[in-house]
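Counting from 1 along the sequence shown, just add 58 to a position and that's the residue number in our numbering.
Worksheet for the structure shown next.
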Amino acid sequence: MNRISQLLIKRLTDRLSVDEKAELDDWAGKSDDNRRLFRRLSEPAELKRLIDLWEMVDGTRVCADMQRQVNAIMLRRRLRRCCAAAAAVAAVIVAGWLMMFSPSMSDGGRKSLLAEAADTITASDIKPGVTRALLSDAAGNTLLLDASDTVTVMPVPVTAGSAVAVQMQELCLNVPRGGEFKIQLEDGTNVWLNSDSRLYYPTSFSGGKRCVRVEGEAYFAVATDSVRPFYVETASQLIRVYGTSFNVRNYPEEGEVYTTLEEGTVSLTCIGDKSGELFLSPGHQAVFGIDDSSVVVKPVDTEVVTSWRKGRFVFENRSLLKIMQDLSRWYDFEYEFADATLEQEEFMGSIPRYSEFTTAIAILEKCGGIRFTVTDGRVLITRQPRVR
């Protein structure tokens, strides 16, 4: 049965060879139970029903753990069609089916089977991100967005409130890990959001200024308006924009805000600090320390900083830790370093943003000295053994 489980998982992730397909078809034709399982695994809507049936057979803690895994993975499947979670869903459901028809299986056997299922994710199952986002408002209305919505995002429908309240309503555009999105705001400003980023903005700008807030990474091409300045709020920092294109990077785990000016003019102020504005000129980057409010300005190659928006990851003397942070957000995987000293090793190179994960890690491995393996669904980074 382990062989059939592997074939069913491969079928769900479109990795069956011609011979394996024939083998699986032969198995499916041998009994009604086999044919029913085939149908269930072909219809995502049947997954929950299968779990419900299974829970009636065994209500132990292992069942509850399985349910939580399936619920989380099913949500991710609805947000992204081709992802590593597809293999995990297949593994979990096949394991669940086997346990449902084997109620006498011991808890140890069930846990072993679950561990086997989790370990079926390989490097080839990890996929690049896609265009997707979740738009929501304060009332709890939500709208899933994909590539067909990238030009202009209309406001989420409002169920109550005056016309003024509708205009002032704040929306949140949430781009998850493994995603990217472009939005055009009401004033004509274009914003590109990288993975694991959020943009907070009003349905329409009113008054004498235009204000938005961003978490994560975003590239702005701000529409010029001499009457209404444009403001971008990040962690403890306010950016005033004067008809400009720039990149801002504001991931909490990094402890710093990076503002890189491509064209035009921006000024930076620390929120709550009345000491004045710091102006940036094109080709420069301001690094703002969130904890101590320090600011360092340096010249940079803006093509490198904004390469993510143009379909590439470009690394210039970038630590492996920061590279893995970027890749894990885009390909949506967890990782760990077997040797902590690897984190600060620097690399130079370029990776196509939409390439398969196996291609991305092969490029990094060719840079020298490192190896990537997938263990228990996590990417492990180790040193390559030295050749004697």
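Here a beta-carbon is modelled for each residue, glycine too, at the ideal position from N, C-alpha and C.
Beta strand (DSSP E) containing residue i: first to last residue?
{"i": "Ala-191", "result": "191–195"}
{"i": "Glu-275", "result": "268–279"}
{"i": "Asn-232", "result": "228–233"}
{"i": "Gly-347", "result": "342–347"}
{"i": "Trp-250", "result": "248–251"}
{"i": "Asn-308", "result": "303–308"}
{"i": "Ser-408", "result": "404–410"}
{"i": "Arg-436", "result": "436–441"}
{"i": "Lys-240", "result": "237–242"}
{"i": "Leu-338", "result": "336–338"}
{"i": "Ile-428", "result": "428–433"}
{"i": "Ser-255", "result": "255–260"}
{"i": "Lys-356", "result": "353–357"}
{"i": "Tyr-393", "result": "392–395"}
{"i": "Leu-326", "result": "324–328"}
{"i": "Leu-400", "result": "From DSSP, Leu-400 is part of no beta strand (DSSP E); its letter is neither H nor E."}
How is the alpha helix (DSSP H) around residue i delimited, first residue to last?
{"i": "Val-363", "result": "360–363"}
{"i": "Thr-417", "result": "415–424"}
{"i": "Arg-387", "result": "378–389"}
{"i": "Glu-81", "result": "76–86"}
Let me check understanding here. Comparing Cα to Cα, which of the options lies closest to residue i?
{"i": "Pro-234", "options": "Ala-420, Thr-323, Gly-187, Leu-296", "result": "Gly-187"}
{"i": "Glu-238", "options": "Leu-385, Asp-434, Val-270, Ala-191", "result": "Ala-191"}
{"i": "Leu-66", "options": "Leu-95, Trp-388, Asp-90, Lys-368", "result": "Leu-95"}
{"i": "Ala-279", "options": "Ile-184, Ile-241, Gly-265, Asn-308", "result": "Ile-241"}
{"i": "Lys-12", "options": "Ile-62, Tyr-412, Arg-444, Ile-381", "result": "Residue 12 lies beyond the residue range present for the chain, which begins at 59 and ends at 446; the question has no answer from this structure."}
{"i": "Glu-414", "options": "Cys-425, Thr-433, Glu-394, Arg-370", "result": "Arg-370"}
{"i": "Gly-341", "options": "Asn-305, Tyr-309, Leu-379, Arg-376", "result": "Asn-305"}
{"i": "Asn-375", "options": "Thr-433, Ala-344, Gly-407", "result": "Gly-407"}
{"i": "Asp-384", "options": "Asp-204, Gly-87, Asp-207, Tyr-309", "result": "Tyr-309"}
{"i": "Val-437", "options": "Arg-307, Gly-198, Arg-387, Ala-205", "result": "Arg-387"}
{"i": "Gly-301", "options": "Ser-339, Arg-307, Ala-293", "result": "Ser-339"}
Under 8 Å Cβ to Cβ from residue i, same chain only, skipping five residues before and after it: list those, please.
{"i": "Arg-429", "result": "Glu-423, Ile-439, Thr-440, Arg-441, Gln-442"}
{"i": "Ala-196", "result": "Gln-227, Glu-228"}
{"i": "Ser-194", "result": "Thr-200, Leu-201, Val-214, Leu-229, Cys-230, Asn-232"}
{"i": "Thr-35", "result": "The chain is shown from 59 up to 446; residue 35 falls before or after that span and cannot be answered."}
{"i": "Gln-225", "result": "For Gln-225, the predicted model reports a pLDDT of 47, less than 50, meaning its position is unreliable and no value from the coordinates is stated."}
{"i": "Glu-291", "result": "Cys-269, Val-270, Arg-271, Val-272, Ile-297, Ile-329"}
{"i": "Arg-93", "result": "Ala-86, Gly-87"}
If contacts are defined as beta-carbon pairs under 8 Å, then residue i and residue j qualify, I think. What distance do you get, rounded to the angstrom?
{"i": "Ile-409", "j": "Ala-181", "result": "The Cβ separation is near 14 Å, so there is no contact."}
{"i": "Phe-263", "j": "Glu-244", "result": "6 Å"}
{"i": "Thr-318", "j": "Val-285", "result": "The pair is not a contact, with the Cβ atoms about 27 Å apart (cut-off 8 Å)."}
{"i": "Asn-232", "j": "Trp-366", "result": "That pair is no contact at about 18 Å."}
{"i": "Cys-328", "j": "Ser-303", "result": "23 Å between Cβ atoms; not a contact."}
{"i": "Phe-391", "j": "Ile-184", "result": "5 Å"}
{"i": "Phe-405", "j": "Phe-373", "result": "5 Å"}
{"i": "Met-382", "j": "Tyr-393", "result": "5 Å"}
{"i": "Gly-313", "j": "Asp-283", "result": "No, Gly-313 and Asp-283 are not in contact; Cβ-Cβ is about 33 Å, not under 8 Å."}
Going by beta carbon distance, what residues of the same chain come within less than 6 Å of residue i, once the five residues before and after it are set aside?
{"i": "Phe-346", "result": "Gln-295, Val-315, Val-353"}
{"i": "Glu-311", "result": "none"}
{"i": "Glu-335", "result": "Ser-325, Thr-327"}
{"i": "Glu-174", "result": "Its pLDDT being 48, under 50, Glu-174 is placed unreliably by the model, and the measurement read from it follows with that caveat. Closer than 6 Å at Cβ, skipping near neighbours: no residue."}
{"i": "Lys-106", "result": "With a pLDDT of only 48 at Lys-106, under 50, the local geometry of the prediction cannot be trusted, and the value read off the model is given with reservation. There are no such residues."}
{"i": "Val-299", "result": "Val-280, Phe-288, Val-324"}
{"i": "Ile-62", "result": "Trp-85"}
{"i": "Ser-377", "result": "Gln-402, Glu-404"}
{"i": "Asp-254", "result": "Arg-235, Gly-274, Arg-387"}
{"i": "Thr-431", "result": "Leu-438"}
Using a Cβ-Cβ cutoff of less than 7 Å, which residues in the same chain neighbour residue i once the five nearest sequence positions on both sides are dropped?
{"i": "Gly-330", "result": "none"}
{"i": "Ser-75", "result": "none"}
{"i": "Glu-81", "result": "Leu-65"}
{"i": "Ile-421", "result": "Gly-407, Ile-409"}
I want to know whether the stretch 261–270 touches the stretch 322–335 - three or more CB-CB distances under 8 Å.
no
Evaluate contact between the stretch 390–405 and the stretch 347–361, counting only Cβ atoms and requiring at least three cross-stretch pairs below 8 Å.
no
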